[in-house]
Each structure stands twice: as structure tokens, then as C-alpha cells.
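So the structure is just underneath, and the comments pick up after that.
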Amino acid sequence: MKRFLLFIAVIVMFVNTSAATLNCIIITDPTGNDPNGAAAGSMSFAPNMFQATFIYSKEHEFAVLSGGEGNTTPRLQAIVETIKKFEAGADAAEAASAANSFPGIRIMAGGPKIGAAVAGSFDAYVVQVSSDGVVTVTLYSGGLAVLKPGERGAIIHLRNTHGNPLYGTATRVREETAVMIGRMIRDGYPATEIMGKVFEKVSKEAGEKYGGGAVNLDSGISTGDMFTPQKINETGFPMDTPYSKQCPVDGWSVGFPTAEQYTNCPVDGTPLKTMYAYEVLEKTITVTRESVLVSVYGSDEIGIKETTHEIVIASVKKHGYSSAEIAKDINSAIDRGLLAGVNYVEPRDINVKESSKAVGVYFKPLPDHRTSPPWNLPISSSVLDIIGNMQTAIGFVLVLLVLFRSTLITSFLK
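Whatever position you read off the sequence shown (first residue = 1), add 973 for my numbering.
This is how it looks when you write it as C-alpha cells:
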């Protein structure tokens, strides 16, 4: 907690005020049995979405989403109070109520078994889906709105950010999205898939489109910093734009802008499919048989994490959880120029945990600002140095012959 408070102090000093204008928690399976039965997510037209995305506890299975019209300090204080209440055993309604002590602040909180709630300053719909398929959508404005534990449903908050070209659309899109969520829950779609559709509709029609991100509350899978801004006081990735290209056959993919260089899959020649950010978000947090949780260490270079993630997923899909095959595929990507600035990996650099479908990749950055490793040639580099010197000497002699051929020929004849 002390470290978190220090983080708050740093944020207040250097980061402009930011607020997530879309907050959403969806619970399709309140029993917690479905690995995709609960999801939470945020995005906005505002900058600094890393500050207002979500805080997630894998151990306690809850998420805290924040926003509001108030400034940075009270919002972060409200987050701290909410987390304290959760740690003390509070349910979603009690924990989120902390926001009511901070004017202009909004907190949305919840989890698969504790329900969901939003408190403070908000315009939100609570969606409830009964066991017999009846969908109820109710509008709340300020105070406290609750989706009770054990209920299927969702809470969605949406406002427009000042400066958004689509300002004024939030009221309509909020209601339509709430109705869409209710129908999809009724029809049996999992929470993670519904969240992807929420991000698509809101980003396209309400313009609150910058990531942000989402988390699978049951399985502990998060988009992390995939879509959040790389620098403070900037907007995140626009969720309604292309994010990567993917092979529909073997799963190989590559992110933009590198993806612009590819039309077909380099593995099997299949035409690549362009994946929008909201599609990648849905795929990332949804657990399937091919799901792989990839962690990348040792390099902060742009594109390394995203490209490695896709390479590992394609390798696992093709060869299974083999550290040797994963290392081979990563090294092949390095040779093709898909990964730059990192050295070749060995199987010992790949930490595989098949039971939890997790793979850790440990890179070593290249020295002297190199972009690619040295070639693995069958002869020593010292031999190449000698050959190089010989070539230089021969070249020098040839230059002399060209420049002084008349003099040399005359001397030879004499």
C-alpha cells in the first residue's frame, strides 16, 4: 500500500487529469465455473488511460474501474479506499460506495461471485437477465447502482469527453449497448466475447475509443498495456483501427506498422486477415483450447512483446508446449527481421507451464545498439578478418596496375 501511495504522489505531480468514460463489467456466469464468465474493461477519448483503466486482483477476483469529472488526487484516493474495503471483505456495493465520499469521482467494481456496482458521479445502465431469459435495463444517475451477487447481467457507464468529434452520442449509444449486452447474455454468449462487441460499438459510434483495455475476471487474463499509451499525457491505441494481421490457418500474426509489409503468411502462404483492436482484445482475454498467456522479459523495445506473443501462440498451436520449438520459431522470426534488437534464445530461455497455459520468454538485448545478432557461420571471425585484409591488399595492387599500367608495361619491356 505504501508503494501505491507513492505512485499516487508521482502521478499527481506529472500527469494531467484523465477519466475513463466507458466503464463496463459483465457477468454471464455468477457461479465462476465458466472461465470466460466475467469481464471488466475501460476506454476513453481522454489521454493517460493507464491511469484510469483497471486494477485487478487475481487472488480475490475483483476489478476496480475509475473515472469521473473530479481531478486526479481524489480519484486515486477513492481507488485506495475501495481496495481497502475489498481487502476487509466487502462486497461490490460496499466497496464501490467509497466513491461517494469524493465529489465528481466514479468507481465501478465487481467480480464473478460478488456482483458489480457503480457509485459516485455516473450515468449508467444496470442490465439484469433472469433465469427465464427476461432482460431488464435500468438507467441510474449518481449515487449507487448495483448488480447483486448471483445475478447475470452487467453495468455500463458511458459519457462523451469534451473535444470528442462524436460528442453528444453517448446517451443513445449507452442505451443501445446495454440492450445489446442483455440480449447477448440471454443468448448464451460469454462475458469476454460480449466485451469485445461493447468496445467495437462504443469506439465506432460514441468515439470514446482509446485504450484502455479489459480483463477476464475468472481466468486472470488481461490485455495489460497492449492498448494503453506508451508516454504520459497521450492517448492510447484507437480501438476501432487495425492492430495486426493474422493467418487464419496457423495463427501466425504480426502487429502494425510491421504488418504493412505482409500480405500472405510467411509460414504457409495463406492470405492474412486484418485484425482490429477490439477483435484482438476479445481474443486476448477469451480462454480457448489454444489460449496461451505469454510473458516477455528483458526488452522494452516497441513491438517485441506483441510480436513475440503472436509467435508463441502460433508455435504452441502447431507444436504444443515445447520450449525447443518455441525457441526455434522465435529465432526464425529474428532471422526474418520480425524481431529486432534482441539476441537468439535457447530452450532454457523459454519457461513453459503447460498446466496453466503460460509461457515466459527471456530475451537478452543486443550490445552496441545492434538490431540483429551476428551470423552463425561455420568459420571463425578471425579467418574473415584475414580474408578481408587479403582482399584489401589484392584490391590495392589492382588499383596500382590500373593507374600505372603504361609505366609498368614500359618498364617490363625494357
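Note that beta-carbon positions come from the ideal geometry of N, C-alpha and C, so glycine has one too. None of the values given here were measured: they were computed from a predicted structure.
| Query | Result |
| --- | --- |
| Please name the residue, chosen from 1048, 1324, 1165, that lies closest to residue 1260 on a Cα-to-Cα basis. | 1165 |
| For the region 1185 to 1196 against the region 1000 to 1013, do three or more pairs of beta-carbon atoms, one drawn from each stretch, fall closer than 8 Å, so that the two count as touching? | yes |
| Quick check for students: name the residue ranges of the alpha helix (DSSP H) that lie wholly in the region 1222 to 1261, counting only runs of 4 or more. | 1250 to 1258 |
| Starting from residue 998, trace the alpha helix (DSSP H) both ways and give me its first and last residue. | Segment 995 to 1000 is the beta strand (DSSP E) holding residue 998; no alpha helix (DSSP H) there. |
| So, at 8 Å on beta carbons, what are the nonlocal neighbours of residue 1237 in its own chain, with the 5 sequence-adjacent residues on each side left out? | 1243, 1244, 1245 |
| Would you call the CB atoms of residue 1138 and residue 1180 closer than 8 Å? | yes |
| Do residue 1240 and residue 1334 have their C-beta atoms closer together than 8 Å? | no |
| Find out if the Cβ-Cβ distance for the pair residue 1110, residue 1151 is shorter than 8 Å. | yes |
| With hydrogens ignored, establish whether the beta-carbon of residue 1042 is closer than 7 Å to any heavy atom of the ligand HEM. | This structure simply doesn't include the ligand HEM, nor any ligand for that matter. |
| Taking its Cβ as the centre, do 16 or more other Cβ atoms sit within 10 Å of residue 1006, making it buried, or is it exposed? | exposed |
| In terms of residue numbering, what span does the alpha helix (DSSP H) encompassing residue 1172 cover? | 1164 to 1178 |
| Could you check where the beta strand (DSSP E) with residue 1050 kicks off and where it finishes? | Note, residue 1050: premise wrong, no beta strand (DSSP E); alpha helix (DSSP H) at 1045 to 1060. |
| What did DSSP end up calling residue 1072 once you bin it into helix, strand or coil? | helix |
| Within this structure, are the beta carbons of residue 1307 and residue 1315 separated by less than 8 Å? | yes |
| Would you decide whether residue 1112 is buried or exposed? Buried here means 16 or more other CB atoms lie within 10 Å of its CB. | exposed |
| Please state if the CB of residue 1155 and the CB of residue 1120 are separated by a distance shorter than 8 Å. | no |
| If you reduce the DSSP assignment to three classes, tell me which class residue 983 lands in. | With a pLDDT of 39 at residue 983, under the threshold of 50, the modelled position of that residue is not reliable, and no figure is offered here. |
| Just tell me which of 1177, 1233, 1219 has its CA closest to the CA of residue 1145. | 1177 |
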